[in-house]
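Enquirer:
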Amino acid sequence: MAETKANILYVEDDESLSFVTRDNLELNHYNVTYCDDGRKAMDTIKSGARFDLCILDVMLPEVDGFELAKAIRERDDQVPIIFLSAKSMKQDRIHGLSIGADDYMTKPFSIEELLLKIDIFLRRSRVLPAKAKGDKPVNIGNYTFDYKNLSLSTEGYSETLTQKEADLLKLLFEHSNQVIKRSFILETIWGKDDYFLGRSLDVFISRLRKYLSIDERIKVENIHGVGFRFRVED
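Residue numbers (my numbering): 1 to 234.
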């Protein structure tokens, strides 16, 4: 008997689609916890159950996929989240990515593509935390940035970052005073470069600027048409 690869939370209210998707996931040796509405999924999340990856339909009865993703992110900053939706509006895709999803697939989708993305995200999520083990807190202007513990603090202020916010700040800091291309950031942190992820990146940059605004010497400069430059003025 083949070994189970990973535990997946799958939330979908379409009975036919969920049957086919679950069948394929289980044939590929994934252990699937399935919920057919958002309330059941929220109860599962709040019960403390841990998953290696989550697949969430956006339009769900009781509680939608976006709210589920927020609840998941409050408990786990690193678990990959893939949204599935019949809606292809830009605003929905950007919103989904900005609250911490790793990808957004529009229905109807290819099972083969979904399986490939699951494999990629699982491999990445198992590699990235190992890289952080040796990271020590660093000073950025008047702030202390503790990547390992997702903490950004200065006198009288402390922010707990999401994993992607911490990844982005770490990448920018490590390339201080250099122009870092948008494509490089997207490929490094999100795994690919496309329009919707680019808009999500802009949201994350805005958040970091807000977090760092107490020290006016810290600049995250937009280099038009190229990318960004992170610097701390003397």
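Where a beta carbon is used, it is the ideal one built from N, C-alpha and C, also for glycine.
Model, not experiment: these values are computed from the prediction.
Please tell me whether L60 and I45 are closer than 8 Å, where the distance is taken between their beta carbons.
Expert: no
Enquirer: In three-state terms, what does DSSP make of F145?
Expert: strand
Enquirer: Pick out whichever of G100, Y30 and I140 has its Cα sitting closest to the Cα of F66.
Expert: G100
Enquirer: Figure out for me which residue from R207, L150, P108 and G198 has the closest Cα to the Cα of V20.
Expert: P108
Enquirer: By how many angstroms is the C-alpha of D92 removed from the C-alpha of I23?
Expert: Ile is not the amino acid found at residue 23; the sequence shown has Asp there. D92 has its alpha-carbon roughly 28 Å from the corresponding atom of D23.
Enquirer: Where L171 and L186 are concerned, what is the direct C-alpha to C-alpha distance, given to the nearest angstrom?
Expert: 11 Å
Enquirer: Identify whether K46 lies in helix, strand or coil by the three-state DSSP scheme.
Expert: helix
Enquirer: G227 by DSSP, collapsed to three states: which one?
Expert: strand
Enquirer: Measuring only from the beta carbon, is S47 closer than 7 Å to any heavy atom that is part of the ligand FAD?
Expert: Absence of the ligand FAD is noted for the structure shown, with no ligands found whatsoever.
Enquirer: Between the segment 144–151 and the segment 196–210, can you find at least three pairs of beta-carbon atoms closer than 8 Å?
Expert: no
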